[in-house]
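Peer 1: Can you keep this structure in mind? I'll have questions shortly.
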Amino acid sequence: MKKKLLAAVMAGTLALSMMGCAGKTETEAGKTEEKTEANTEAAQGKLEKTDTVKVAASSGEKQDLVIMITNPGDVNNEVEQRLIEKLGDKYNIITKTWDSASVEQTVKTAAAADEQIDLVQYWPNQMNSFTEVGLATDLTPYMDDEWKATFNEGVLDIGTYDEKLYNVAYKTVYPAMLVDLEVTRAAGIKDEEIKDQMTWEEFCELCRKIQENTDMSGAGIPDTYACWLTRNAVMQVWDTDEELDKWNAGEVSFKDEHIVKAFDMVKDVFEEGLFYPGEGALAVTQDQLYGAISAHKIGFIFEPTTAVKTTIDNSGLKEYKVCDFPAMGNNPTNPLLGGCDGYFIPTCAKNTEGAIEAMKYLTGEEIMTLRAEGGQVPCAKIASGANVDEAFMESISRCSDQIYPTEIINVGAELSDYLQNQMPANYIYNGEASLDELEEMREAAVSK
Amino acid sequence: MDLTAKAMTVNVNKKKKISSTRKLQLIGGLFGLPAIVIVTFATIIPVIWNVVLSFCNWDGVSAMSFNGIANFTKIFADRASMKAIGYSLIIALVATATAMVLGVGLSLLIYKVTKLEGAIYRFVFYSPVMLPLSVVGLLFTLVLATDEGLLNNILGLIGLKNLQNAWLAKKGMVLVVIGLVQGWRSSGTVMMLVYTGIIGLPADLFESSKLDGATYGQEVRHIILPLVKPTIQLALSMCVMSAFKTYDIVFSMTGGGPGDISKTAPLKIIEQAFMFNKYGLAAANSVIYAIIVIIILAVLRKGVGGDKYEY
Amino acid sequence: MSTNTAAVYSVQKKKVKVFPIACRVILISLILIWIYPVLFSLQTSFKTLDEFFANIWALPHTIGLDNFAKAFTKGHIGEYFINSVVIAVVSLVSIEVISVMAAYSLARLRIPHTGAIIMLCFAIQLLPTETIIIPLYMMMSKLGLLGARYLPIILAYVGWSVPGTTVILKNFFDTIPKELLEAARIDGSGEIRNLFKIVLPLMKGALSTCIVMNFTFVWGELMWAKTATLTTVKGLPLTVGLMNFKGEFGTDWPLMCAAICMIVIPLYLVFLFLQKYFVSSLTAGSVKG
Numbered sequence: 000m001k002k003k004l005l006a007a008v009m010a011g012t013l014a015l016s017m018m019g020c021a022g023k024t025e026t027e028a029g030k031t032e033e034k035t036e037a038n039t040e041a042a043q044g045k046l047e048k049t050d051t052v053k054v055a056a057s058s059g060e061k062q063d064l065v066i067m068i069t070n071p072g073d074v075n076n077e078v079e080q081r082l083i084e085k086l087g088d089k090y091n092i093i094t095k096t097w098d099s100a101s102v103e104q105t106v107k108t109a110a111a112a113d114e115q116i117d118l119v120q121y122w123p124n125q126m127n128s129f130t131e132v133g134l135a136t137d138l139t140p141y142m143d144d145e146w147k148a149t150f151n152e153g154v155l156d157i158g159t160y161d162e163k164l165y166n167v168a169y170k171t172v173y174p175a176m177l178v179d180l181e182v183t184r185a186a187g188i189k190d191e192e193i194k195d196q197m198t199w200e201e202f203c204e205l206c207r208k209i210q211e212n213t214d215m216s217g218a219g220i221p222d223t224y225a226c227w228l229t230r231n232a233v234m235q236v237w238d239t240d241e242e243l244d245k246w247n248a249g250e251v252s253f254k255d256e257h258i259v260k261a262f263d264m265v266k267d268v269f270e271e272g273l274f275y276p277g278e279g280a281l282a283v284t285q286d287q288l289y290g291a292i293s294a295h296k297i298g299f300i301f302e303p304t305t306a307v308k309t310t311i312d313n314s315g316l317k318e319y320k321v322c323d324f325p326a327m328g329n330n331p332t333n334p335l336l337g338g339c340d341g342y343f344i345p346t347c348a349k350n351t352e353g354a355i356e357a358m359k360y361l362t363g364e365e366i367m368t369l370r371a372e373g374g375q376v377p378c379a380k381i382a383s384g385a386n387v388d389e390a391f392m393e394s395i396s397r398c399s400d401q402i403y404p405t406e407i408i409n410v411g412a413e414l415s416d417y418l419q420n421q422m423p424a425n426y427i428y429n430g431e432a433s434l435d436e437l438e439e440m441r442e443a444a445v446s447k
Numbered sequence: 000m001d002l003t004a005k006a007m008t009v010n011v012n013k014k015k016k017i018s019s020t021r022k023l024q025l026i027g028g029l030f031g032l033p034a035i036v037i038v039t040f041a042t043i044i045p046v047i048w049n050v051v052l053s054f055c056n057w058d059g060v061s062a063m064s065f066n067g068i069a070n071f072t073k074i075f076a077d078r079a080s081m082k083a084i085g086y087s088l089i090i091a092l093v094a095t096a097t098a099m100v101l102g103v104g105l106s107l108l109i110y111k112v113t114k115l116e117g118a119i120y121r122f123v124f125y126s127p128v129m130l131p132l133s134v135v136g137l138l139f140t141l142v143l144a145t146d147e148g149l150l151n152n153i154l155g156l157i158g159l160k161n162l163q164n165a166w167l168a169k170k171g172m173v174l175v176v177i178g179l180v181q182g183w184r185s186s187g188t189v190m191m192l193v194y195t196g197i198i199g200l201p202a203d204l205f206e207s208s209k210l211d212g213a214t215y216g217q218e219v220r221h222i223i224l225p226l227v228k229p230t231i232q233l234a235l236s237m238c239v240m241s242a243f244k245t246y247d248i249v250f251s252m253t254g255g256g257p258g259d260i261s262k263t264a265p266l267k268i269i270e271q272a273f274m275f276n277k278y279g280l281a282a283a284n285s286v287i288y289a290i291i292v293i294i295i296l297a298v299l300r301k302g303v304g305g306d307k308y309e310y
Numbered sequence: 000m001s002t003n004t005a006a007v008y009s010v011q012k013k014k015v016k017v018f019p020i021a022c023r024v025i026l027i028s029l030i031l032i033w034i035y036p037v038l039f040s041l042q043t044s045f046k047t048l049d050e051f052f053a054n055i056w057a058l059p060h061t062i063g064l065d066n067f068a069k070a071f072t073k074g075h076i077g078e079y080f081i082n083s084v085v086i087a088v089v090s091l092v093s094i095e096v097i098s099v100m101a102a103y104s105l106a107r108l109r110i111p112h113t114g115a116i117i118m119l120c121f122a123i124q125l126l127p128t129e130t131i132i133i134p135l136y137m138m139m140s141k142l143g144l145l146g147a148r149y150l151p152i153i154l155a156y157v158g159w160s161v162p163g164t165t166v167i168l169k170n171f172f173d174t175i176p177k178e179l180l181e182a183a184r185i186d187g188s189g190e191i192r193n194l195f196k197i198v199l200p201l202m203k204g205a206l207s208t209c210i211v212m213n214f215t216f217v218w219g220e221l222m223w224a225k226t227a228t229l230t231t232v233k234g235l236p237l238t239v240g241l242m243n244f245k246g247e248f249g250t251d252w253p254l255m256c257a258a259i260c261m262i263v264i265p266l267y268l269v270f271l272f273l274q275k276y277f278v279s280s281l282t283a284g285s286v287k288g
């Protein structure tokens with residue numbers, strides 16, 4: 000099927016090296032043409048980074064390069080180490096630890112005082128918090144064809160706003176579901192019954208079966224990711240992409256029956272107690288979830304694709320399977336929320352050349368291969384001989400093509416925060432009233 | 000200022016003393032100078048900047064533009080901001096009450112034990128204050144977890160299953176729980192302050208009561224508490240203040256959630272500034288918040304304060 | 000205190016026999032609640048990550064120092080430790096000296112409107128630190144202070160702590176009998192002499208309380224330390240170093256707890272060391288009367 004082929008493309012060279020080739024196809028939005036040949040070629044062709052890099056005009060003293068690109072982790076530490084080895088002779092590299100809770104605050108404080116920060120990790124699909132006030136450097140002039148060719152088709156669009164590229168993605172993330180087969184087997188569910196792609200109803204049925212037959216929980220989600228359920232629901236509840244586009248543009252009310260139905264769908268599973276541990280499921284932290292997974296208390300665990308490997312390692316799961324996010328609607332394209340982690344250069348950068356050079360290296364073949372080998376889905380080419388578990392990699396990248404390029408959260412920063420940090424909890428606690436608040440924010444954002 | 004000061008002192012003192020008073024004031028000014036300089040630099044200027052900002056529109060990058068009181072009216076009209084202030088009040092109330100009762104109670108108990116024992120107790124009861132909030136937050140999210148949480152498991156073990164609860168996921172409940180944790184943590188400070196106050200009391204004050212055969216309870220009521228009142232008042236003010244600065248503890252325990260049922264004013268302020276680039280609005284919010292707290296403090300000082308004993 | 004309590008007991012032997020026991024029972028049972036977080040950090044620091052997630056509350060299987068060694072090498076805890084010590088010592092000395100002088104002038108040098116000044120001291124501490132950070136950072140950037148190691152952090156800590164410390168000290172200074180100072184003044188004693196010879200010896204308890212409280216703040220502050228060292232790798236304190244243990248998908252808690260133990264233990268030592276001054280202040284108090 001067309002879909003499956005496209006998935007292979009998006010998943011990058013990994014999947015390609017496995018499947019061999021890919022035909023000409025279209026993205027689900029039907030906007031851009033895929034040039035899959037380029038992908039395959041570049042997989043073999045070597046990337047000559049040094050050609051594209053201009054030597055910084057530093058006479059004698061090494062220029063500073065302040066980067067805030069990683070939070071600790073085995074793969075990230077290695078990446079940072081290699082970057083220092085690579086560029087340490089040229090620049091005086093100052094690495095700062097990245098922290099999701101305070102990255103905005105840190106960068107904006109530095110920018111207000113015009114202190115130097117050259118390269119920052121941020122989510123390409125949430126750049127409006129920076130672009131709205133002109134705090135991100137336009138990277139379009141630096142994105143030459145050669146560099147562009149190394150990226151998987153479409154990934155650069157995610158960080159593009161008003162035709163300008165602000166953020167370069169390096170790894171793909173979308174929600175997936177990790178299944179603890181020990182739990183499902185104990186509940187009398189045969190492995191074959193667990194399809195890669197289930198519908199929401201099928202998923203709920205299996206959860207009920209687990210709860211009826213065992214004292215374990217059907218599903219589990221950490222508090223930070225609970226918003227996926229509603230974000231995906233409001234996205235998948237539309238029957239066609241046209242309707243979805245209208246919704247994503249902020250033209251449809253939050254009181255629309257589709258939307259109310261979507262919120263109810265999520266509310267119901269929480270009220271039914273299908274999520275670990277029943278009451279209090281909205282306040283389960285990642286640590287508590289790891290504990291529960293280790294104790295085999297949960298059947299289906301919602302995880303970002305990049306965290307699946309960490310979860311398996313941390314909790315010591317032996318018998319597992321990775322499923323796709325259950326389909327919550329009837330849209331044939333089955334759109335999925337998701338996105339990438341990426342890099343951007345704040346306008347307070349003092350060493351833009353160096354930052355670009357670092358960015359090129361970080362999205363280059365060497366680092367991409369390293370990430371792939373560490374269980375992450377890279378956004379650009381990796382080496383052909385990479386040592387990756389292809390079956391596993393396929394399982395955490397096969398839905399990449401379903402990732403929808405826009406989401407309702409891009410309409411405005413307030414709306415984005417509400418949908419990401421207050422939902423579904425507020426709907427469950429306050430019902431209708433939360434939709435009124437959302438509707439207010441939507442109207443304010445659209446009229447701006 | 001000088002004139003009023005003079006007028007005041009004239010009322011109280013004899014004329015003779017005026018010159019020495021002025022000299023003392025001069026020395027006092029010199030003594031206070033370093034404090035004035037550094038506090039002005041690190042606190043007062045930023046605070047003034049903040050107040051000015053609250054009347055402006057600023058997105059953190061472009062130039063500020065004067066905005067009148069629009070930010071303030073916006074805050075008062077914004078349900079979410081008001082709700083956040085309300086949540087802060089609840090947490091502060093619970094936290095202050097907890098900290099004061101625990102702190103004063105502990106200091107009175109510790110006063111009654113021997114020297115070495117007292118040292119150990121003081122150390123232990125103060126230790127939570129020294130722990131980083133990330134640890135306190137982690138520990139309590141784990142202790143209060145619905146399923147594997149220590150508290151629910153203990154309740155289950157002692158046959159109080161019906162008291163088990165989703166402590167951090169229920170409207171209202173979550174605020175009380177955070178307040179209790181915050182109060183527990185700051186009770187150490189109260190204990191330290193009040194204890195320091197008690198041991199500073201002249202021993203002879205107790206002599207007569209001892210001869211009268213007063214019980215410890217009577218001593219506490221009639222001697223200790225009235226005499227350490229200024230210290231208790233101070234501890235109360237500090238408690239109220241730290242109880243309103245709830246950013247860290249809330250952030251590490253719930254992050255303001257689930258939903259917004261524990262989103263306190265400091266969290267809201269940070270969000271308005273750094274997430275939405277509305278620095279003027281955030282400044283206005285913080286000014287309103289500070290004024291509310293100042294009013295509460297002033298009322299408390301009036302209520303609890305009053306006569307000071309000289310001995 | 001021992002003589003004091005002993006006296007109480009001897010007089011009221013019959014009446015309050017139950018009281019000391021009840022008192023201890025309450026205290027000891029409370030100790031368990033209070034000490035648990037520390038024990039939890041300590042026991043977690045000996046675990047592996049698997050062990051931690053397998054059973055959060057269980058005791059570690061073995062007591063190894065692997066996490067401590069790892070925190071020391073991987074987390075550069077040694078280097079950060081020295082930075083933190085330098086910052087803490089310089090800040091504390093500055094805070095105490097400045098506050099003692101300010102508090103003395105407020106309490107005993109007839110400064111007018113002390114009530115209003117105290118209120119102001121409270122009020123300026125009320126605005127969330129988070130909103131003060133931006134202007135302070137911009138100011139320090141303009142003055143070129145950010146490049147200097149330690150200085151921006153120390154300046155802020157001193158400026159933030161002085162008002163509160165002054166209020167506390169003033170409160171205690173108020174309890175010093177006025178006559179004591181008046182007498183000294185008549186004898187021709189200077190104010191600096193009065194402060195150091197008469198007031199401070201009586202105020203050891205209050206001062207050590209303040210030191211402990213300030214030290215707790217300075218040693219544990221994160222947000223400003225992080226902001227002030229935003230564009231440098233020099234002079235990072237421990238709290239900022241702790242960020243190195245916050246991973247991409249959750250935190251390596253055993254490693255974190257090992258680091259935390261290394262941070263907290265010095266705190267405890269400082270506290271224990273200062274404890275003895277409470278006792279000496281007690282003696283001073285009784286002599287005074």
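Protein chains in written order, with numbering that gives the first Met the number 0: chain A, 0 to 447; chain B, 0 to 310; chain C, 0 to 288.
The beta carbon of each residue, even a glycine, is placed where N, CA and C say it ideally should be.
In whole angstroms, what is the alpha-carbon distance linking residue 201/A and residue 224/A?
Peer 2: So the two alpha carbons sit approximately 21 Å from each other.
Peer 1: Residues in its own chain within less than 6 Å of residue 65/A by CB, not counting five upstream and five downstream?
Peer 2: Excluding positions up to five away in sequence, the list reads 93, 115, 116, 117.
Peer 1: Would the segment 166-177 of chain A count as touching the segment 302-315 of chain A if we require 3 or more Cβ pairs under 8 Å?
Peer 2: Yes, they touch.
Peer 1: Do residue 79/C and residue 237/C come within 7 Å of each other at the CB atom, strictly closer than that value?
Peer 2: Yes; because the gap between Cβ atoms is below 7 Å, this pair is in contact.
Peer 1: Could you tell me the distance, in whole angstroms, from the CA atom of residue 404/A to the CA atom of residue 436/A?
Peer 2: Cα to Cα, the separation comes out at about 25 Å.
Peer 1: In this structure, how does DSSP classify residue 170/B when only helix, strand and coil are distinguished?
Peer 2: DSSP places residue 170/B in coil when its eight states are reduced to three.
Peer 1: Tell me, please, whether the CB atom of residue 192/C is closer than 7 Å to any CB atom in chain B?
Peer 2: No, residue 192/C does not count as interfacial toward chain B.
Peer 1: Chain A beta carbons: is any one of them nearer than 7 Å to that of residue 140/C?
Peer 2: Chain A contact via Cβ: present.
Peer 1: Enumerate, from N- to C-terminal direction, the unbroken alpha helix (DSSP H) stretches of 4 or more residues contained entirely within the segment 77-154 of chain A.
Peer 2: The qualifying runs are 102-111, 127-130, 144-148.
Peer 1: Determine the direct distance from the alpha carbon of residue 136/A to that of residue 137/B, and round the result to whole angstroms.
Peer 2: If I take the Cα positions, the gap works out to 38 Å.
Peer 1: Please decide whether residue 22/B counts as near chain C, where near means a Cβ-Cβ distance under 7 Å.
Peer 2: Output row for residue 22/B: interface = no.
Peer 1: Is residue 230/C close to chain A? Criterion is C-beta to C-beta, closer than 7 Å.
Peer 2: Yes - at least one Cβ of chain A is within 7 Å of the one on residue 230/C.
Peer 1: Looking at C-alpha atoms only, which residue of 284/A, 151/A, 134/A, 359/A is the closest neighbour of residue 377/A?
Peer 2: Checked all of 284/A, 151/A, 134/A, 359/A; the closest Cα to residue 377/A is 151/A.
Peer 1: Could you list the residues in the segment 248-263 of chain B with a C-beta less than 9 Å from some C-beta on chain A, going in chain order?
Peer 2: Listed in sequence order: 250, 253, 254, 255, 256, 257, 258, 259, 260, 262.
Peer 1: Excluding sequence positions up to five away, which residues of its chain have a Cβ less than 7 Å from the Cβ of residue 240/C?
Peer 2: If we look at residue 240/C and ignore the five residues flanking it on each side, its Cβ neighbours are 74, 75, 76, 79.
Peer 1: Between which two residues does the alpha helix (DSSP H) containing residue 428/A stretch?
Peer 2: That run of the alpha helix (DSSP H) goes 424-429.
Peer 1: If the criterion is Cβ atoms closer than 7 Å, does the pair residue 24/B and residue 109/C meet it?
Peer 2: Yes, the pair counts as a contact, with Cβ atoms nearer than the cut-off.
Peer 1: Secondary structure at residue 402/A, three-state DSSP: helix, strand or coil?
Peer 2: Strand, per DSSP.
Peer 1: Using the Cα positions of residue 132/B and residue 80/A, report the straight-line distance between them to the nearest angstrom.
Peer 2: Straight-line Cα distance between these residues: approximately 30 Å.
Peer 1: Going by beta-carbon coordinates alone, are residue 123/B and residue 34/C separated by less than 7 Å?
Peer 2: Going by C-beta atoms, residue 123/B is nearer than 7 Å to residue 34/C.
Peer 1: Could you tell me the alpha carbon to alpha carbon distance between residue 418/A and residue 229/A, rounded to whole angstroms?
Peer 2: Looking at the two C-alpha atoms, the distance is approximately 8 Å.
Peer 1: In chain order, which beta strand (DSSP E) runs of at least 3 residues are fully inside the segment 180-260 of chain C?
Peer 2: Qualifying beta strand (DSSP E) stretches: none in this window.
Peer 1: Evaluate residue 134/B with the Cβ neighbour count: other Cβ atoms within 10 Å of its Cβ, from every protein chain shown; 16 or more gives buried, anything less gives exposed.
Peer 2: Burial call: buried.
Peer 1: Is the CB of residue 404/A under 7 Å away from at least one CB in chain B?
Peer 2: Answer no: the Cβ-Cβ gap between residue 404/A and chain B never drops below 7 Å.
Peer 1: Who are the neighbours of residue 305/A on chain B, taking C-beta pairs under 9 Å?
Peer 2: The contacting residues do not exist; residue 305/A stays about 21 Å from chain B at best.
Peer 1: Can you tell me the Cα-Cα spacing of residue 388/A and residue 92/C, whole angstroms?
Peer 2: Whole-angstrom Cα-Cα distance: 58 Å.
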